[in-house]
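Peer 1:
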């Protein structure tokens, strides 16, 4: 039976580390973190457990490994009973280096976060060092037919089209590969962890282990977000981040929910807005 590679595509701040830690806590799985960043920026990235990647049992000298042999090398460094590796490099540009593959059973997961929640995170960043201006220019290039809205609209409009362009690109990539794929929302992962993880584990070909939810009870090398200590303190997998409710005004929430281009893409994804997040319609 082929070993499996689970590639998670998502926007930043969508919960990919959270998802990977949950999956990687399975006795047959291993959380890698963002392999792309580790490989390309070895000296600037730290292992959550070891700090210095040079001292890490999983990643020491990994930058010397040819890119095409990365997963083979990583499988050789983990326990022999590990059946799948979880890579949350997020970007299709990284994953396309390894597709197609005759050596591994590759599965893609498109993790989708509520655009209202991401608008909060992005607006906080856009206030820093002209990041908002650079992002506005970037989105005009990606959405030339929306130049009027993006040129004269507020930064929330930029957030909306950033969400659209990123998630459309990920969905198009997933479709183009023809590989087994799933679309998962942050809401179902946070509010229904047992049901969601059981479904994903069955799809991967392993039996769900309820202890996976308590990911902090397991040793995970590679990258991990410090903010997940905060998630742990709030109740672990059952905590659902809804800070956008206090951050956004009612007018901003309505602007996001009523954007026709966003509504159209959500319909293509068989998703819809709910008071708490995104729900599947099918």
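Residue numbers (our numbering): 26 to 307. Using N, Cα and C, we set each Cβ at its ideal position, and we do this for glycine too.
1. Tell me the residue span of the alpha helix (DSSP H) that contains residue 199.
2. Kindly indicate which three-state DSSP category residue 262 falls into: helix, strand or coil?
3. When you compare the CB positions of residue 168 and residue 36, do they come within less than 9 Å of one another, or not?
4. In this structure, how does DSSP classify residue 94 when only helix, strand and coil are distinguished?
5. Hey, quick one: how far does the alpha helix (DSSP H) through residue 285 stretch, first residue to last?
6. Going by alpha carbons, who is nearest to residue 204 out of 285, 283, 129 and 77?
7. Run the CB neighbour count on residue 222, radius 10 Å, all protein chains shown included, and call it buried at 16 or more, exposed below.
8. For the ligand ZN, I want to know if residue 145 counts as a neighbour, meaning its beta carbon is within less than 8 Å of at least one of the ligand's heavy atoms.
9. Whose C-beta lies closer than 8 Å to the C-beta of residue 74 among residues of the same chain, with five residues either side of it excluded?
10. If you follow the alpha helix (DSSP H) that residue 42 is part of, which residue opens it and which one closes it?
11. Figure out for me which residue from 164, 279, 166 and 131 has the closest Cα to the Cα of residue 31.
12. Can you round the beta-carbon distance between residue 164 and residue 190 to whole angstroms, since I take them to be within the 8 Å contact cut?
13. Give the range of the alpha helix (DSSP H) segment to which residue 108 is assigned.
14. With DSSP as the reference, label residue 65 as helix, strand or coil.
15. Reducing DSSP to helix, strand and coil, say where residue 149 ends up.
16. Taking 6 Å as the limit between beta carbons, can you name the residues of its chain near residue 234, skipping five residues before and five after?
17. May I have the straight-line CA-CA distance separating residue 337 from residue 53, to the nearest angstrom?
18. Residues in its own chain within less than 6 Å of residue 120 by CB, not counting five upstream and five downstream?
19. What first and last residue would you give for the alpha helix (DSSP H) that runs through residue 53?
20. In its own chain, which residues sit with a C-beta less than 8 Å from the C-beta of residue 181, not counting the 5 before and 5 after it?
21. Which residues in the same chain as residue 290 place their Cβ atom closer than 7 Å to its Cβ, once the five residues preceding and following it in sequence are excluded?
Peer 2: Well, looking at it:
1. 180-202
2. Confidence is the limiting factor: at residue 262 the pLDDT is only 49, short of 50, which leaves the residue's position unreliable and the question unanswerable from this model.
3. no
4. helix
5. 285-293
6. 129
7. buried
8. Annotation note on the ligand ZN: not contained in the displayed structure, which lists no ligands.
9. 81, 244, 245 and 246
10. 41-49
11. 131
12. 7 Å
13. No alpha helix (DSSP H) contains residue 108, which DSSP labels as neither H nor E.
14. helix
15. helix
16. 51
17. Nothing about residue 337 can be read from this structure; the chain reaches only from 26 to 307.
18. 32
19. First-last for residue 53: undefined, no H or E at that position.
20. 144, 148, 277, 280 and 281
21. 189, 192 and 193
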